[in-house]
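J.:
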Amino acid sequence: MERNIGLVKGMAGNGTYVAMNVPTALGYTENDDFEGAISFKLNPSARVGSYTQISNEMSKLKSEGKLPKSLEDVGRFAAAKGYDAYIHDTTDSIERRTVPDMAVVLNRSKVVFGPSIKAADLDKHRWEKAGK
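Sequential numbering from 1286 applies to the sequence shown in the numbering used here.
(1) Considering Met-1343, what are the terminal residues of the alpha helix (DSSP H) in which it resides?
(2) Is Phe-1398 buried or exposed, if buried means 16 or more other CB atoms sit within 10 Å of its CB?
(3) What are the partner residues of Tyr-1371, as DSSP defines its beta bridges?
(4) At the level of alpha carbons, what is the spacing between Met-1286 and Pro-1400?
(5) Whose C-beta lies closer than 8 Å to the C-beta of Met-1305 among residues of the same chain, with five residues either side of it excluded?
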């Protein structure tokens, strides 16, 4: 299957966005013809922060005039500070979610891949979630 992929700045900084649970992953596949998903975890040695923590650190440096323009993106700033990933822990302005359901991976060498999840299994979860 051929797809066009656009490169855009993410809502929570540059990096590779990942779903932290099956319902969130399903939300990104609702109108897509997909074959499945890949499960993974981060290596225990990965340095993981939170969006809020990193953003607060950026704000402090910016207010002091010490934040370079090139690091005004949370993902770039976190990578420069040595983070391997961060949890998007802020409230979603559209759906008002407060439970973190996305993460941003900065250092993909810290990803340990697990088994693939077939589309049929994800669809089964979708139907169970809908109570059908």
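C-beta: ideal position from N, C-alpha, C; glycine also. Since the structure is predicted, the reported quantities are computational estimates derived from the model, not experimental observations.
T.: By the coordinates alone:
(1) The sequence position of residue 1343 within the sequence shown is 58, counting from 1. Unbroken alpha helix (DSSP H) run through Met-1343: 1336-1348.
(2) Counting from one through the sequence shown, the residue named residue 1398 turns up at place 113. With a threshold of 16 other beta carbon atoms within 10 Å, Phe-1398 falls short and is exposed.
(3) The residue labelled residue 1371 in the question sits at position 86 within the sequence shown. DSSP output for Tyr-1371 lists Gly-1334 and Val-1389 as bridge partner(s).
(4) Taking the first residue of the sequence shown as 1, we reach residue 1286 at position 1. Taking the first residue of the sequence shown as 1, we reach residue 1400 at position 115. Only weak support is given to the placement of Met-1286: the predicted model assigns it a pLDDT of 39, under 50, and the value that follows is read from those uncertain coordinates. So the two alpha carbons sit approximately 22 Å from each other.
(5) Locating residue 1305 in the sequence shown gives position 20, counting from the first residue. So the qualifying residues of the chain are Ile-1372, Pro-1385, Asp-1386, Met-1387 and Ala-1388.
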